[in-house]
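Sequential numbering of the sequence shown, starting at 3, is according to this note's numbering.
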Amino acid sequence: MKIKRQKQAKKNISFYKYNFSFREPFQILVDGTFCQAALKNKIQIKEQMPKYLMGEVQLCTTNCALKELETLGKELYGAKIILQRYQVRRCAHFKDPIPASECLLSMLGKTNPHHYFIATQDHSLTTALKEIPGVPLFYIILNTIVLDKPSQASLDYVQKVQLGSW
């Protein structure tokens, strides 16, 4: 990893550690789009995430994300195999699965109480996640895993807490 990227990642991780009480092992909710991009770019998620976060990680997914990959067919078979290796977190819609993006949003609620990181390539999902304070986002750009900078909602929340108006 380039030094500039590593410094930025360290800065972003400390922001979430100090302001939102994130701690090791970091829990990363992964969806099918991220696994597919990692497979296409030959990225070993299980090896790269601990190096990137400089700590222990737990890679997780939901039943809805697995079901979504099953229904999408054979072209996403590799991503499904990768996703099956991760811990499956129980979601509220166990009996009747919903799209993975909706499921991940419901897992976080309004405040991300379980301190999940989210790894996705879904643009509409990332837009919705940026409205929730304290949600770190991973995505893949040019064969590299990148931790997005804190969203405006997270920065506003921290500022309100520091001013004592939250």
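Idealized CB from N, CA, C, for every residue including glycine.
Tell me whether residue i is buried or exposed, calling it buried when 16 or more other Cβ atoms sit within 10 Å of its Cβ.
i: lysine 69; result: buried
i: histidine 109; result: The displayed chain sequence assigns methionine, not histidine, to residue 109. Methionine 109 comes out buried.
i: leucine 165; result: exposed
i: threonine 113; result: exposed
i: glutamine 46; result: exposed
i: serine 103; result: buried
i: tyrosine 20; result: exposed
i: isoleucine 142; result: buried
i: leucine 71; result: buried
i: serine 153; result: buried
i: serine 156; result: buried
i: proline 99; result: buried
i: leucine 144; result: exposed
Please state the DSSP three-state secondary structure of residue i.
i: tyrosine 88; result: coil
i: glutamine 50; result: helix
i: threonine 128; result: helix
i: phenylalanine 22; result: helix
i: glutamine 29; result: strand
i: isoleucine 134; result: coil
i: isoleucine 45; result: coil
i: leucine 144; result: coil
Taking 7 angstroms as the cut-off, decide whether the C-beta atoms of residue i and residue j are in contact.
i: leucine 107; j: alanine 130; result: yes
i: glutamate 26; j: glycine 75; result: no
i: asparagine 65; j: phenylalanine 24; result: no
i: glutamine 29; j: glutamine 60; result: yes
i: glutamine 38; j: leucine 78; result: yes
i: leucine 41; j: alanine 81; result: yes
i: cysteine 62; j: arginine 91; result: yes
i: tyrosine 54; j: isoleucine 147; result: yes
Please check if any C-beta of chain D sits within less than 7 angstroms of the C-beta of residue i.
i: proline 115; result: You won't find chain D in this structure, because it holds only one protein chain.
Original post:
Are the region 83 to 90 and the region 34 to 44 in contact at 8 angstroms, needing three or more beta carbon pairs?
Top reply: Contact holds: three or more Cβ-Cβ distances are below 8 angstroms.
Subject >> Cβ contact check for the region 135 to 153 and the region 6 to 22: 3 or more pairs under 8 angstroms >> reply: Because the criterion of three Cβ pairs below 8 angstroms is met, the region 135 to 153 and the region 6 to 22 touch.
Original post:
Where in the region 70 to 122 do unbroken runs of the beta strand (DSSP E), each at least 3 residues long, occur, reported from the N-terminal end onward?
Top reply: Within the region 70 to 122, complete beta strand (DSSP E) segments of at least 3 residues are found at 89 to 91 and 118 to 121, given in chain order.
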